[in-house]
Each structure stands twice: as C-alpha cells, then as structure tokens.
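>
2 protein chains.
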Amino acid sequence: MTEDIKLSKLKIINNVDGDVLHALKKSSIDFKNFGEAYFSEVKYGSIKGWKRHRIMTLNLVVPVGEIKFVAYDDRNRESPFFKEFVLSRYNFFRLTVPPMIWLGFKGMCKNGSMLLNIADIEHDPSESDNLQLDEIYYKWTDK
Amino acid sequence: MTEDIKLSKLKIINNVDGDVLHALKKSSIDFKNFGEAYFSEVKYGSIKGWKRHRIMTLNLVVPVGEIKFVAYDDRNRESPFFKEFVLSRYNFFRLTVPPMIWLGFKGMCKNGSMLLNIADIEHDPSESDNLQLDEIYYKWTDK
Chain A
1 MTEDIKLSKL KIINNVDGDV LHALKKSSID FKNFGEAYFS EVKYGSIKGW
51 KRHRIMTLNL VVPVGEIKFV AYDDRNRESP FFKEFVLSRY NFFRLTVPPM
101 IWLGFKGMCK NGSMLLNIAD IEHDPSESDN LQLDEIYYKW TDK
Chain B
1 MTEDIKLSKL KIINNVDGDV LHALKKSSID FKNFGEAYFS EVKYGSIKGW
51 KRHRIMTLNL VVPVGEIKFV AYDDRNRESP FFKEFVLSRY NFFRLTVPPM
101 IWLGFKGMCK NGSMLLNIAD IEHDPSESDN LQLDEIYYKW TDK
C-alpha cells in the first residue's frame, strides 16, 4: 500500500500571555517513532528543495510565518503529480510526508518563516536524494 | 539520586536561504522518551508560572525571541534555591528540566518569543501543580 501525504488539524490554545500551539503527541494516529526534531528557517522568497527521503517520514509544523510546500509524487512513474500546501498559524495543520516524495518549500512571509520537523529517524544524508530546483519543473512564482 | 537541570549546547547550521536549528535527537544523552511536542509563546514582559510537573521531564528550546527561565528547586526543603537561564538563538541551548522543580518564564523580546517543549509524556493536568506568581518570591523586574 502506498502511503499518502496527510494533513492533520492542530489546536491553538489562546492565552493572554502567549498562545500554546500543539505539534505532535505520541498518541496521534500518524505518530510512528521519534528520531529527531529540528527547525528549518526559510527567508522571504527563498526556496529550499528538491529533497526526497528514502526512509524518513516528516512531520512538519509552521509556527512562524507562512510556508508553501510543494510535493512532487512520482512513485507511480506513469502518473506523477504535484500537491501544494500553504501552512501558517492561520492555517495550522501538521503535514505528514511519507518516504519517496520530492519536497520543496518557499518562504511566503516578509518577516521570515520557520518550520519544525519531527522526523521518525535521525538525520542521515545517505537516506536522502537532492535535485536542483530546475530539475523538477514547477512554476514557483505563483503563490 | 536527584536529577539536576541541564543545559545542552545546540548546533545552528547557517544557510543562505534560512538556517537549520537543532532541537533534540533520539541519541541525545538526555533523551528519555517522546510524549508530546508543543510550542508556548510568551509576550514581551509577560510571565508564565509557576508550574511544577510531578512526572514530566521538559526539553525546552527557544528558536524565536528571548526567554528568561527561572527554576525554583525546593526538593531539599532546607536549602531551596533559584537558577536562571536566558535562552535565545544567540544563546542556543536545550534546557532539560526534571520533575519536581518549579518553573516560571518571562518574554524578553519586544517582537514576542516562543519555546518548543519536547516532553517525555503527553500533557496531563493531573501531574502538574500551579502556584500564583506571588506565591514564590522572586524579583522578576531584573533582566
């Protein structure tokens, strides 16, 4: 069975001194395993990509700014397709990306943006592949 | 043996499109278990506290702004003491707080601050105690 990309709505608990934003619980249905948590910032207009993990499942949350994610799914070589997701605290979802999907993302906020990835394995450069931005044709200029 | 509060230096990997900031790896010496990850924002000048977890160990990282943490350790009733930590991406450490320590924190950044807590258990209000700010005497006005 081919695992699909999944969006999960996350709670924000409002508080006069500062909100609390959920990210991931052990009991979440799409929690597999804890390997590593890290942040990745993306400047306004900058694009990071393309990267494909062969083993890692990503759990992505955007607590700061706004990030456009573009997934290129060519697991079925005869019918590859793109999926787009724009995440921010105003559209507060966790994006779960299974292995073997190409991912790129762009910073959409003038003040900068940041994602948290809670991955099921630790960083290991040998399990990921990289392509230059122009090696997968996608028109990034549109929002 | 009484577990102490611990600071662990974290790496920031500079990148022209946006930095990558480490938070926690499964292989980190102070990683126990993954229970839940959540963000807590704290407005400039706001103070959240006091709270004591009876079971949870906290792993706190400050990727946005600057937060002053004050720990009040009264586990030895005859010699209680305070410890203070000011964390930000310019003093980028993970703060590991074992159970039974009172914690309060204050937002030190005009643009707002945010912490990530990677806790070893899921949120459970029955395992934490709260005190009003004035129930533990601490002079928060100093930086």
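If you read the sequences in order, they're chains A and B. End of the first sequence = 143 in the numbering used here, gap-free, step of one. End of the second sequence = 143 in the numbering used here, gap-free, step of one. Backbone N, C-alpha and C define an ideal beta-carbon position, used for all residues, glycine too. None of the values given here were measured: they were computed from a predicted structure.
#1: Using the three-state DSSP reduction, which class does residue 73 of chain B fall into: helix, strand or coil?
#2: Where do the ends of the beta strand (DSSP E) carrying residue 11 of chain A lie?
#3: Against residue 27 of chain A, what residues of chain B qualify as contacts under a CB-to-CB distance less than 8 Å, listed in chain order?
#4: From the DSSP secondary-structure annotation, give me the bridge partner or partners of residue 119 of chain A.
#5: Nearest to residue 6 of chain B by alpha carbon, out of B:58, B:123, B:136?
#6: What's the C-alpha gap between residue 39 of chain B and residue 120 of chain B?
#7: Would you call the segment 43-60 of chain A and the segment 121-133 of chain A in contact, with 3 or more CB pairs under 8 Å?
#8: Give the residues of chain A in contact with residue 42 of chain B, contact being defined as C-beta atoms less than 7 Å apart.
#9: Report the option in B:133, B:22, B:45 whose CA atom is closest to the CA atom of residue 41 of chain A.
#10: Can you give me the Cβ contacts of residue 71 of chain A inside the same chain, cut-off strictly under 6 Å, excluding the 5 residues immediately before and after it?
#11: Buried or exposed, going by whether 16 or more other CB atoms sit within 10 Å of the CB of residue 73 of chain A?
#12: Chain B partners of residue 60 of chain A, CB-CB under 8 Å?
#13: Verify whether the separation of the beta carbon atoms of residue 85 of chain A and residue 69 of chain A is less than 7 Å.
This is what the structure gives:
#1: Looking at residue 73 of chain B - three-state DSSP - the assignment turns out to be strand.
#2: Note, residue 11 of chain A: premise wrong, no beta strand (DSSP E); not H, not E.
#3: Identification of chain B residues near residue 27 of chain A by a Cβ-Cβ cut-off of 8 Å yields 122, ordered along the chain.
#4: DSSP output for residue 119 of chain A lists A:36 as bridge partner(s).
#5: Across the set B:58, B:123, B:136, the C-alpha of B:58 shows the shortest separation from the C-alpha of residue 6 of chain B.
#6: Their Cα atoms are separated by approximately 15 Å.
#7: The segment 43-60 of chain A and the segment 121-133 of chain A touch, with no fewer than 3 CB-CB distances between them shorter than 8 Å.
#8: Residues of chain A with a Cβ closer than 7 Å to the Cβ of residue 42 of chain B are, in chain order, 17, 18.
#9: Per the Cα distances, B:22.
#10: Same-chain partners within the cutoff: 5, 83, 101, 103.
#11: With 16 or more other Cβ atoms within 10 Å, it is buried.
#12: Identification of chain B residues near residue 60 of chain A by a Cβ-Cβ cut-off of 8 Å yields none; the smallest Cβ-Cβ distance measures about 12 Å.
#13: Their beta carbons are under 7 Å apart, which means residue 85 of chain A touches residue 69 of chain A by this criterion.
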